[in-house]
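Numbers given in my numbering equal positions in the sequence shown, counted from 1, plus 1. Ideal Cβ placement from N, Cα and C applies to all residues, glycine included. These figures come from a predicted structure and were not determined experimentally. What follows is one structure encoded as structure tokens, with my remarks underneath.
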Amino acid sequence: MLLNWLKATTIPKPGIPERRPLSATPILASFRRIVVKVGSSLLVDQTAGLLKREWLEALADDLAELHRRGADVLAVSSGSIALGRTVLKLPKGPLRLEDSQAAAAVGQIELARTWAEALGQRGITAGQILVTLNDTEERRRYLNARETIGRLLDMRAVPVINENDTVATTEIRYGDNDRLAARVATMASADLLILLSDIEGLYTAPPKDDPSARLIPVVPRITFEIEAMAGGAASELSRGGMRTKIEAGKIATTGGAHMIIADGRVRNPISRIAEGAPCTWFLTPSTPVTARKKWIAGSLEPRGTVHVDAGAARALFSGKSLLPAGVTRVEGNFDRGDCVVLRDPSGAEIGRGLVAYDAGEAGQLVGRNSRDIEAVLGVPGRAEMIHRDDMALVGE
2 MLLNWLKATT IPKPGIPERR PLSATPILAS FRRIVVKVGS SLLVDQTAGL
52 LKREWLEALA DDLAELHRRG ADVLAVSSGS IALGRTVLKL PKGPLRLEDS
102 QAAAAVGQIE LARTWAEALG QRGITAGQIL VTLNDTEERR RYLNARETIG
152 RLLDMRAVPV INENDTVATT EIRYGDNDRL AARVATMASA DLLILLSDIE
202 GLYTAPPKDD PSARLIPVVP RITFEIEAMA GGAASELSRG GMRTKIEAGK
252 IATTGGAHMI IADGRVRNPI SRIAEGAPCT WFLTPSTPVT ARKKWIAGSL
302 EPRGTVHVDA GAARALFSGK SLLPAGVTRV EGNFDRGDCV VLRDPSGAEI
352 GRGLVAYDAG EAGQLVGRNS RDIEAVLGVP GRAEMIHRDD MALVGE
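Put into structure tokens, the structure is as follows:
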């Protein structure tokens, strides 16, 4: 079991996940922040429409063991619509949008309660987060969600995340949280995403159609040929299929996270991965930290400039966040979450970062101590003008 497999292994410190050659299969116990995605077809009995409680209890044992060993754990769980339609006695088959949203509203209560009980029995606090794809793409909302997740993990809680299907429209998919899970993994700076599915991994062809299809154990890089191997949906309750899993793999690996597709139909699926059960690893040459810095430094258009004093510049290069006290002036018309250029007293660019205040607020905080923020703005605010995790300095 996972306990024995991990016995002699310690979780690396945050920001220093183990990276092995791309030809090698990574060691599961080396990952420090793990997102586990659970699909509807695994969590809900397709015939009765009821929760598979024994299966969830076994998965909770796996998550609790990873948590006990020091890893941060996040769960992305489908199932609210599948559970809610049973309670509301909705017919089988495709649902109208308003019926899907109603089912999600009812099913989400049961889903959250079940996760809270399963983890609570193992001494772990669960926190529910409902998001839409827009929450992971619009920078202001992205920062809010990232900070909430970060605080929950700091307090050793397990965020249980689901798409907010009660208000989602075009992005509603019946149990397809694969791409959302990948975006969550990137947003949370996770170094591993595990997609538990109703198939062992990626095959050279859809195994139901081709008996000679072979499982691919390691995908060093997602190529056109890899994308061409993806088939359609695997079950009635899971409409995403392999195609969305490949899309999730591109998102996750670009963000510095390895990804696993594994068979979740068995008991203790994560223990089985640790013991060498068949699965597919999608590898990344990067880390969450380097991928995020590359994104900030090169993919975002700066909306303003923040000038810092010499002491703040030295503090930044020593690994500190930028506090308002070290800011000498701000320029530009930027909003919270926008990318800004950082300049030292000589005017040289020393980095870029995602600012925690809009231009008007930032201007009021120039040179002020962080403990004065509430008095200046009238409301509590972030202690940092730019957090170290949201910053890329020259030379990094």
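query	result
Whose C-alpha, out of Asp100, Asn145 and Lys209, is nearest the C-alpha of Asn135?	Asn145
Where DSSP assigns a beta bridge to Phe335, which residues make up the other side?	Partner(s): none; Phe335 has no beta bridge.
Where does Val88 land, buried or exposed, given buried means 16+ other C-beta within 10 angstroms?	exposed
Count the other C-beta atoms from every protein chain shown that fall within 10 angstroms of the C-beta of Met386, then say buried if there are 16 or more, exposed otherwise.	buried
Which residue or residues does DSSP assign as beta-bridge partners of Trp282?	Val219 and Ile261
Can you tell me whether Ser190 is helix, strand or coil according to DSSP?	coil
Among residues of its own chain, excluding the 5 on either side of Thr167, which ones have a beta-carbon nearer than 6 Å to its beta-carbon?	Gln102, Ala105 and Ala106
Near Ala61, what residues of its chain come up, given a Cβ to Cβ distance below 7 Å and the 5 sequence neighbours on each side ignored?	Ala119, Leu120 and Arg123
Whole angstroms is fine: what's the gap from Ser81's alpha carbon to Thr133's?	14 Å
Examine the Cβ distances between the stretch 186 to 204 and the stretch 29 to 44 and report whether three or more of them are shorter than 8 Å.	yes
Taking buried to mean at least 16 other C-beta atoms within 10 Å of its own C-beta, is His388 buried or exposed?	buried
Considering just the uninterrupted stretch of the beta strand (DSSP E) at Ile130, what are its terminal residues?	Ala127 to Val132
By the 10 Å Cβ neighbour count, where 16 or more other Cβ atoms means buried, how is Thr48 classified, buried or exposed?	exposed
State the Cα-Cα distance for the pair Gly277 and Arg337, rounded to the nearest angstrom.	45 Å
Determine the contact status of Val159 and Val74, defining contact as a CB-CB distance below 9 Å.	yes
Let me confirm a value: Ile252 is counted as buried when at least 16 other C-beta atoms fall within 10 Å, else exposed. Which label applies?	buried
What does a CB cutoff of less than 8 Å around Arg147 pick up in its chain, not counting 5 residues either side in sequence?	Met188 and Ala189
Tell me the DSSP secondary structure of Tyr143 in three-state form.	helix
My output table needs one value for Asn370: the three-state DSSP class, helix, strand or coil.	coil
For a quick check, are the C-beta atoms of Val307 and Glu332 less than 9 Å apart?	yes
Return the residue from the list Arg54, Ser371 and Arg222 that minimises the CA-CA distance to Gly327.	Ser371
Checking the sheet assignment: what are the DSSP bridge partners for Ala393?	Arg353
Quick check: what's the CA-CA separation for Gly299 versus Glu55?	47 Å
For Ile162, which residues in the same chain have their Cβ closer than 6 Å to its Cβ, ignoring the five residues on either side in sequence?	Val77, Ile130 and Val185
Counting along the chain, where does the alpha helix (DSSP H) carrying Arg86 start and finish?	Ser81 to Val88
Determine the extent of the alpha helix (DSSP H) in which Val290 is found, giving its start and end residues.	Pro289 to Gly299
Along the chain, which unbroken stretches of the alpha helix (DSSP H) at least 4 residues long are found entirely within the stretch 24 to 63?	41 to 44
State the CB to CB distance for the pair Gly85 and Gly108, rounded to an integer number of angstroms; the pair is presumed to be in contact (CB under 8 Å).	3 Å
Using a Cβ-Cβ distance under 9 Å, would Pro95 count as near chain B?	In summary, chain B is missing from the structure at hand, where a single protein chain is found.
When the Cα of Lys294 is compared with those of Cys340, Arg330 and Arg315, which residue comes out closest?	Cys340
Please name the residue or residues paired with Gly312 in a DSSP beta bridge.	In the DSSP output, where bridge partners are listed per residue, Gly312 has none listed.
For the alpha helix (DSSP H) that contains Ser78, what are its first and last residues?	Where Ser78 is concerned, there is no enclosing alpha helix (DSSP H), although the beta strand (DSSP E) it sits in stretches over Asp73 to Ser78.
Given this structure, state the Cα-to-Cα distance separating Arg180 from Pro279, to the nearest angstrom.	22 Å
In this structure, what does DSSP give as the bridge partners for Thr306?	Glu332 and Val342
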